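Trainee: Handing you a structure now.
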Amino acid sequence: MRCAEHCEVVANRPVATNQFEIEIHCPTVALHAQPGQFVQMRVQSGYEPLFSRPFSVFRRFPERGNFSVVYLVRGAFTQMLARKKPGESVFVVGPLGNRFLVAQPANQVLHLLVAGGVGAPPLYLLAEELVQTGVPRQKIVVVNGARRQDLLVCQEHFAELGVRLRTVTEDGSAGAKGKVTDALKALHGRGELSGNRCQVYTCGPTAMLEAVAKFAQKHDLPCQVSVETLMPCGLGVCLGCAVKVRTANGTDYKRACVDGPIFDATEVVWE
Amino acid sequence: MRCAEHCEVVANRPVATNQFEIEIHCPTVALHAQPGQFVQMRVQSGYEPLFSRPFSVFRRFPERGNFSVVYLVRGAFTQMLARKKPGESVFVVGPLGNRFLVAQPANQVLHLLVAGGVGAPPLYLLAEELVQTGVPRQKIVVVNGARRQDLLVCQEHFAELGVRLRTVTEDGSAGAKGKVTDALKALHGRGELSGNRCQVYTCGPTAMLEAVAKFAQKHDLPCQVSVETLMPCGLGVCLGCAVKVRTANGTDYKRACVDGPIFDATEVVWE
Amino acid sequence: MSEVKLSVKLGPLRLQNPVLVASGTFGYGSEYADLIDLNRLGGIMVKGTTLHPRAGNPMPRMVETAAGCLNSIGLQNVGVEAFIREKLPFLRQYRCAVIVNIAGDSYEEFEQLAERLDGVEGVHALEMNISCPNQEKGGIHFGVDPEATREVVSRVRKRTRLPLIVKLSPNVTDITMTAQAAVDGGADILSLVNTFVGTAIDAKTRRFKLANITGGLSGPAIKPLALYMVWRVARAVKVPIIGMGGIMNATDAVEFLLAGASAVAVGTANYVNPHASMEILEGIEQYLREQGEKDVKHIVGTVKRCKPGNEF
Amino acid sequence: MSEVKLSVKLGPLRLQNPVLVASGTFGYGSEYADLIDLNRLGGIMVKGTTLHPRAGNPMPRMVETAAGCLNSIGLQNVGVEAFIREKLPFLRQYRCAVIVNIAGDSYEEFEQLAERLDGVEGVHALEMNISCPNQEKGGIHFGVDPEATREVVSRVRKRTRLPLIVKLSPNVTDITMTAQAAVDGGADILSLVNTFVGTAIDAKTRRFKLANITGGLSGPAIKPLALYMVWRVARAVKVPIIGMGGIMNATDAVEFLLAGASAVAVGTANYVNPHASMEILEGIEQYLREQGEKDVKHIVGTVKRCKPGNEF
Ligand SMILES: Cc1cc2nc3c(=O)[nH]c(=O)nc-3n(C[C@H](O)[C@H](O)[C@H](O)COP(=O)(O)OP(=O)(O)OC[C@H]3O[C@@H](n4cnc5c(N)ncnc54)[C@H](O)[C@@H]3O)c2cc1C
Ligand SMILES: Cc1cc2nc3c(=O)[nH]c(=O)nc-3n(C[C@H](O)[C@H](O)[C@H](O)COP(=O)(O)OP(=O)(O)OC[C@H]3O[C@@H](n4cnc5c(N)ncnc54)[C@H](O)[C@@H]3O)c2cc1C
Ligand SMILES: Cc1cc2nc3c(=O)[nH]c(=O)nc-3n(C[C@H](O)[C@H](O)[C@H](O)COP(=O)(O)O)c2cc1C
Ligand SMILES: Cc1cc2nc3c(=O)[nH]c(=O)nc-3n(C[C@H](O)[C@H](O)[C@H](O)COP(=O)(O)O)c2cc1C
Ligand code: FES
Ligand code: FES
């Protein structure tokens, strides 16, 4: 079930420097969105920018028919989005794409969620689902990374959830100084990843995804990556979101918007 | 003296349905603008719409370095303008164009100001100047017309000035029912225009200008018209604002933005 | 409210209304089936189809520009056999016309495609995408050379009884030359325009933004150019025209009809708003009512010179 | 802060910096003299000048489109004699290069214009606008026909010792053909692009929006197309290029330099922001500093292929 409709903005509040959480009334998304899925949003009436923008579903409030998205103000679109007031509307298409697959049996697996910047929201929804389905909190490790403190996303939410949270920033302004892979190495160094059955889920900038995927491969950990590409349509028709994947007889392109955004890390060809 | 600079919005208040007066801090325009002159304004950061928009200077507040413009919300630009808040900025180029020339000796002439819709603001500035320079108020007749009451502009301001105000609307929702030319005919019928030395100044939609110009010509009244055209540059370089005028040997094009916007009515070729 | 007639006849091709969706912008229809009622479309021009499956160009393949977008998808598609086997059965359920956009690198490929699709149930017309390199002529695009255009069209004409649409490239000095060549070759209908060749550069990285360097420009930016070409071609040839290029709303669509197109195709707008084609259809109907017109064909090509002067 | 070298040498033409203002968008300079310091411009390409004064086309002559504008001014200008008498003396006061954009309807008109301007003090170069109808060839535009281009350029070449710039029309199938023809004819420098032919229609009144029906498209909408043409021409010919088409800010200008232009001209942007050329000049300087470049000519034509993949 998905929809394409004008939806009312219920709230649009700053959550950190340059970061907002927008809550939108859209029963279809609120009821059906799964961790890792996204919506295409449109607020512009003209052609600046031309395309809609993809945002991961962050929280769902099915009782009141709302969902929310956390976004970082970067360019033309997110600036306009930040100006939206409750009562105004945004055009929403979604939920779109596939979801993170929870490794089974869920409560016997160490779930390692590796987030970079605005890659955090879908992993929050995943973490929440894991907690709600009874996975012990100590079995959920979130590595949340960003360049600087103010680019960290969903920190408080992960903290509130009570999962094991490892924060890393490249400049050391919050948590440990370094990259998410440093945190992964540390975990590995302490033996936390070996002996365990472990599943990695990651979402963030492409370079980070690649590094995490390589780390996982090296240590033989299964890994799901959520890729970021331009998404002109989000519906699988423009082929502008292609992701190179390995196939039986070479390589091929899959569409991030419908075949993804989540792929098995070993499937993706990193260039 | 003219400028091209980012200026602070001091106030932006609704003055009637869909009409706003925006007050802008711009000492150059505040000090130098003459009745009939205009400014080019830009609020868009992108290309929707591409061009700046021309607006007549409505009031000047030289002591505080401000001027104001009255505008009707019509399209993309004026919608954006209406959203501007005090403290924000607009890019202003001006003052531009020529001014209404006051017939001399000013206090012995009947000044007939004929306004249509958003043509009223520059005539208000002219009326104010006439009053300030000592022209008796009964020598200043303003015919203010529009299609409907809510499209009338500057009504209260003309009223406050104490000049003789004739209001006409096409649907009769304010003042007399009819067009500005009906009001002119009525004035003429009562003999007010004959015997008097009379000067007509008019600003409004092209069709109205033409009708007023023809009325003036028929009754041998000198008439200055302020024309409206698209004004891509306002500086005399694009030649997109051409106005066909009569010359010694035929016709030629003049530029509304620098040779006008005010022309002698007999000079303009109405097509 | 009086009924407005929307069905149109483009030579041998009947459409229930003049709103189609452009090739490459609507997949194979199924992608939109839960969002709009495909039965209400005039027709679906499916993604460009080649003889063999194609993987397409490396990423990045698309980039936004001012009021437009550049794409260099590189004809990624499943190939004609998989199209017939996997995509067509779904489309057969609907009553809108199914138009297969075909592209080949050689005369033979075009011939084989036409032959393969001729008589296949559920295919209502072929649209030839001739904006592709002609390998037999040293890689020059068929669509920019009148002689190659005439030749490839006449060869395809001999292999199919289906209504034949030829899609013109706008990257030419005089589009009426290739238009006439296509008609001479046997085109029943012309569609125009395909995308304009362009590029984009990232100043910061000092690199092209597209892996393929160049791409095709579509969207509102090209509307004035496309509209001009439709108007010129409509006056130069006798066959009906499907107009496209930057149609985002009903007003844009009406402009193409007034310029001389008998039907329109909605392209990039489908990405931006999945309902675009439906809103355009409804908007055309409303426009006709407002204008007191009873039949869409009565407005085709009726644009007049403007009155001189400055009336807004 | 280290000094960045901005002066450029375009064949025989030296410019103190690579930022010019495009013909028809800056009048005769005087219109901007109180708003910006003309001494800081690389050069001024004055309004298209013809042998005799021209009144231009009826109104409306300009219309906004998505991220662009169409114009059909019709070469309204004072004619070459009045230009020399009334406009040039003002320009002589400044140290920026004055480039006279000339347009003729015949070979003879072009020849006479070149002859008249040759040796006139204060004229630093000629720019031939060949996007005008060649009356001797049945009205076809010089600039879309390589042979006519070569012919008109070589005739003008014989009449002037001034640096000769030929301004290319983008309304062609292959711009490298006319570019090469202009070089063969003796062009020292190429400038591109002129405007793209287009039209606009008012759906409500069912009339064209321009009195002249068609106009030339300029502005951000055309930037991807202009950039592509500059890149292609830069690789095809050896003479330096002045790039233009939709340059609104320094980043746009840098893109043209990276694509292969040795200098840029700012057009429509002058209308929108009288300071545009100055901001672009400052922005280029800042860009060069950020990139650690010491000389603007070091970045000309240095654009590279992008890395494949999805890095943002
Ligand atoms: C499946 C998916 C889910 C996403 N979820 C979220 C989310 O939950 N919250 C969020 O804030 N963002 C998310 N994004 C990214 C979001 O779509 C971009 O931030 C948005 O497009 C920026 O639009 P803009 O017009 O404001 O900025 P633009 O002007 O488009 O871009 C500004 C800058 O950001 C860069 N940029 C643009 N898009 C992306 C991108 N997709 N990834 C990395 N850099 C980019 C540009 O290169 C540019 O430097 C998601 C992207 C994808 C593909
Ligand atoms: C010298 C001069 C002085 C002006 N002074 C004022 C003023 O003091 N107050 C004011 O409200 N407006 C004034 N205008 C008109 C003003 O420039 C337009 O209202 C403005 O351009 C509308 O911009 P927009 O983007 O909001 O609407 P657009 O989207 O540009 O237009 C919306 C609608 O208004 C029509 N329109 C646009 N421009 C004009 C115009 N110039 N004349 C008539 N109809 C137009 C369009 O055709 C369209 O139907 C003046 C115009 C000129 C030339
Ligand atoms: C991403 C994309 C893919 C396209 N693929 C094809 C194609 O396969 N075959 C074709 O003939 N045209 C293709 N086109 C061109 C469109 O059908 C249409 O001619 C063009 O986009 C202009 O219309 P628009 O501006 O409304 O998009 C494609 C366009 C885009 C944007
Ligand atoms: C209103 C207008 C008038 C123009 N007049 C001329 C002209 O007289 N001669 C000429 O060669 N180019 C003329 N041009 C073209 C510009 O010089 C330039 O080539 C074109 O506008 C593309 O650049 P831009 O997109 O930056 O405006 C004119 C352009 C505009 C918009
Ligand atoms: S975004 Fe268009 S196919 Fe994926
Ligand atoms: S508005 Fe450009 S010349 Fe008048």
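Protein chains in written order, with the working numbering: chain A, 4 to 274; chain B, 4 to 274; chain C, 696 to 1007; chain D, 696 to 1007.
No residue lacks a Cβ here, since even glycine has one placed at the ideal position from N, Cα and C.
On a predicted model such as this, the values are computed, not experimentally measured, just so you know.
With 8 Å set as the bound, which would you pick, yes or no: does the beta-carbon of D/H993 sit closer than that to a beta-carbon of chain B?
Mentor: As a first step, residue 993 of chain D must be located in the fourth sequence, where it is residue number 298. It does not: the Cβ of D/H993 has no partner Cβ on chain B nearer than 8 Å.
Trainee: Flag this pair as touching only if the region 968-983 of chain D and the region 916-929 of chain D have three or more C-beta atom pairs under 8 Å; answer yes or no.
Mentor: no
Trainee: Determine whether the beta carbon atoms of D/G706 and D/D883 lie at a separation below 8 Å.
Mentor: For this step, residue 706 of chain D is matched to residue 11 along the fourth sequence. For this step, residue 883 of chain D is matched to residue 188 along the fourth sequence. Yes; because the gap between Cβ atoms is below 8 Å, this pair is in contact.
Trainee: So the candidates are B/V183, B/G237, B/L116, B/Q37; which of them puts its Cα closest to the Cα of B/R63?
Mentor: Translated into positions along the second sequence, residue 63 of chain B becomes position 60. Taking only the C-alpha atoms, the option nearest B/R63 is B/Q37.
Trainee: Output, in chain order, the set of chain A residues within a Cβ distance shorter than 9 Å of B/G175.
Mentor: As a first step, residue 175 of chain B is located in the second sequence; it is residue number 172 there, counting from the start. Those within 9 Å of B/G175 in chain A number zero; the least Cβ separation is about 35 Å.
Trainee: Using a beta-carbon distance below 8 Å, is A/Y50 in contact with chain B?
Mentor: As a working mapping, residue 50 of chain A is identified with position 47 in the first sequence. Judged by the 8 Å Cβ criterion, A/Y50 is in contact with chain B.
Trainee: Express the C-alpha separation of A/A251 and D/F1007 in angstroms, rounding to a whole number.
Mentor: In the fourth sequence, residue 1007 of chain D corresponds to position 312, counting from 1. In the first sequence, residue 251 of chain A corresponds to position 248, counting from 1. Per-residue confidence for D/F1007 stands at a pLDDT of 42, beneath the threshold of 50, marking its modelled position as unreliable; the derived number appears in the next sentence. Answer to the nearest angstrom: the Cα atoms are 29 Å apart.
Trainee: Could you give the first and the last residue of the continuous alpha helix (DSSP H) run that contains C/E810?
Mentor: Mapped onto the third sequence, residue 810 of chain C falls at position 115. Where C/E810 is concerned, the enclosing alpha helix (DSSP H) stretches over 802-812.
Trainee: Between the alpha carbons of D/E820 and D/V793, how many angstroms are there, rounded?
Mentor: Counted from its first residue, the fourth sequence places residue 820 of chain D at position 125. Counted from its first residue, the fourth sequence places residue 793 of chain D at position 98. Note on identity: in this sequence residue 820 of chain D is Ala, with Glu being the wrong assignment. Distance from the CA atom of D/A820 to the CA atom of D/V793, rounded to whole angstroms, is 7 Å.
Trainee: Can you look up D/R1000 in the DSSP assignment and give me helix, strand or coil?
Mentor: As a first step, residue 1000 of chain D must be located in the fourth sequence, where it is residue number 305. Correct three-state label for D/R1000: coil.
Trainee: By Cβ distance, which residues of its chain are closer than 6 Å to D/L708, with the 5 residues on each side in sequence left out?
Mentor: For this step, residue 708 of chain D is matched to residue 13 along the fourth sequence. Cβ neighbours of D/L708 beyond the five flanking positions: A820, P858.
Trainee: Can you tell me whether A/Q227 is buried or exposed, with buried defined as 16 or more other CB within 10 angstroms of its CB?
Mentor: For the purposes of this step, residue 227 of chain A is taken as the residue at position 224 of the first sequence. Its Cβ being crowded by 16 or more others within 10 Å, A/Q227 is buried.
Trainee: D/R756 versus chain F: which residues are under 9 Å apart at the beta carbon?
Mentor: In the structure shown, chain F cannot be found, because the protein chains are A, B, C and D.
Trainee: To test your reading of the DSSP string, which unbroken beta strand (DSSP E) runs of 3 or more residues are found completely within the region 139-213 of chain B?
Mentor: 143-149, 167-172, 201-206
Trainee: Closest to D/V815 by C-alpha separation, out of D/E842, D/E831, D/L786, D/N824, would be which residue?
Mentor: Position 120 of the fourth sequence, counted from the first residue, corresponds to residue 815 of chain D. Cα-wise, what sits closest to D/V815 is D/L786.
Trainee: Between C/E950 and chain D, is there a C-beta pair that is closer than 8 Å?
Mentor: The residue given as residue 950 of chain C occupies position 255 in the third sequence. Yes, C/E950 lies at the interface with chain D (some Cβ there is under 8 Å from its Cβ).
Trainee: Tell me which same chain residues have a C-beta within less than 6 Å of the C-beta of A/H160, skipping the five on either side of it?
Mentor: Position 157 of the first sequence holds residue 160 of chain A. Only Y127 meet the Cβ criterion.
Trainee: According to the neighbour-count rule (16 or more other Cβ atoms, all chains shown, within 10 Å of its Cβ), is D/Q981 buried or exposed?
Mentor: As a first step, residue 981 of chain D is located in the fourth sequence; it is residue number 286 there, counting from the start. D/Q981 comes out exposed.
Trainee: Report the option in B/P108, B/V166, B/W273, B/Q22 whose CA atom is closest to the CA atom of B/R77.
Mentor: Within the second sequence, residue 77 of chain B is the residue found at index 74, counting from 1. Residue B/Q22 is the option with its Cα nearest to B/R77.
Trainee: For C/I731, does the three-state DSSP call read helix, strand or coil?
Mentor: Position 36 of the third sequence holds residue 731 of chain C. If DSSP states are grouped into helix, strand and coil, C/I731 belongs with coil.
Trainee: On the premise that B/G122 lies in contact with B/G207, defined as a C-beta separation below 8 Å, what is that separation, rounded to the nearest angstrom?
Mentor: Translated into the one-based positions of the second sequence, residue 207 of chain B becomes position 204. Translated into the one-based positions of the second sequence, residue 122 of chain B becomes position 119. Confirmed, about 3 Å.
Trainee: Count the other CB atoms, across all protein chains shown, that sit within 10 Å of the CB of A/S197; report buried if there are 16 or more and exposed otherwise.
Mentor: Here residue 197 of chain A refers to the residue found at position 194 of the first sequence. With fewer than 16 other Cβ atoms within 10 Å, it is exposed.
Trainee: Can A/G78 be considered in contact with ligand 1, in the sense that its beta carbon sits closer than 7 Å to one or more heavy atoms?
Mentor: The count along the first sequence starts at 1 and reaches residue 78 of chain A at position 75. Result yes, Cβ under 7 Å from ligand 1.
Trainee: Please tell me whether D/I942 has its Cβ less than 8 Å away from any Cβ of chain C.
Mentor: Within the fourth sequence, residue 942 of chain D is the residue found at index 247, counting from 1. For D/I942, not one C-beta of chain C is nearer than 8 Å to its own C-beta.
Trainee: By the criterion of Cβ-Cβ separation under 7 Å, what are the contact partners of C/K918 in chain D?
Mentor: On the third sequence, position 223 is the one that residue 918 of chain C refers to. Within chain D, the residues near C/K918 are T760, A761.
Trainee: Would C/P969 count as contacting chain A if we go by Cβ distances under 8 Å?
Mentor: Residue 969 of chain C sits at position 274 when you count from the first residue of the third sequence. Residue-level contact check: C/P969 touches chain A, since one or more beta carbons of chain A fall below 8 Å from its beta carbon.
Trainee: Where do the ends of the alpha helix (DSSP H) carrying C/M924 lie?
Mentor: Taking the third sequence and counting its residues from 1, the one referred to as residue 924 of chain C is at position 229. Segment 918-931, the alpha helix (DSSP H) holding C/M924.
Trainee: How big is the Cα-Cα spacing for C/C791 and B/Q47?
Mentor: In the third sequence, counting from the first residue as 1, residue 791 of chain C sits at position 96. In the second sequence, counting from the first residue as 1, residue 47 of chain B sits at position 44. CA-CA distance, C/C791 to B/Q47, rounds to 42 Å.
Trainee: Please confirm if D/A750 has its CB atom under 8 Å from at least one CB of chain B.
Mentor: Counting from 1 along the fourth sequence, the entry for residue 750 of chain D is found at position 55. Yes, because at least one Cβ of chain B sits closer than 8 Å to the Cβ of D/A750.
Trainee: Would the C-beta of B/V73 count as close to ligand 2, meaning under 7 Å from any of its heavy atoms?
Mentor: Taking the second sequence and counting its residues from 1, one reaches residue 73 of chain B at position 70. Yes; taking the cut-off as 7 Å, the Cβ of B/V73 has a heavy atom of ligand 2 nearer than that.
Trainee: Can you tell me where the alpha helix (DSSP H) holding D/F721 begins and where it ends?
Mentor: Against the fourth sequence, residue 721 of chain D aligns to sequence position 26. D/F721 -> no alpha helix (DSSP H), and no H or E assigned at all.
Trainee: Could you spell out the range, first to last residue, of the alpha helix (DSSP H) harbouring A/M276?
Mentor: For chain A, the structure presents residues 4 to 274; residue 276 of chain A sits outside this window and is missing.
Trainee: Of the residues that make up the region 720-748 of chain C, which ones have a beta carbon closer than 8 Å to any beta carbon in chain A?
Mentor: T720, F721, G722, E726, Y727, D729, L730, K742
Trainee: So, using beta-carbon positions, are D/L1028 and D/N889 closer together than 8 Å?
Mentor: There is simply no residue 1028 of chain D to check, as chain D begins at 696 and stops at 1007 in what is shown.
Trainee: Run down chain C in chain order and give the residues with a C-beta less than 9 Å from the C-beta of A/P235.
Mentor: On the first sequence, position 232 is the one that residue 235 of chain A refers to. Those are M757, E759, C764, N766, T963, Y966, V967, listed as they occur along chain C.
Trainee: Give me the chain C residues within the contact set of D/N866, using Cβ-Cβ distance strictly less than 8 Å, ordered along the chain.
Mentor: The residue given as residue 866 of chain D occupies position 171 in the fourth sequence. Counting only Cβ-Cβ distances below 8 Å, D/N866 has contacts in chain C at T868, in chain order.
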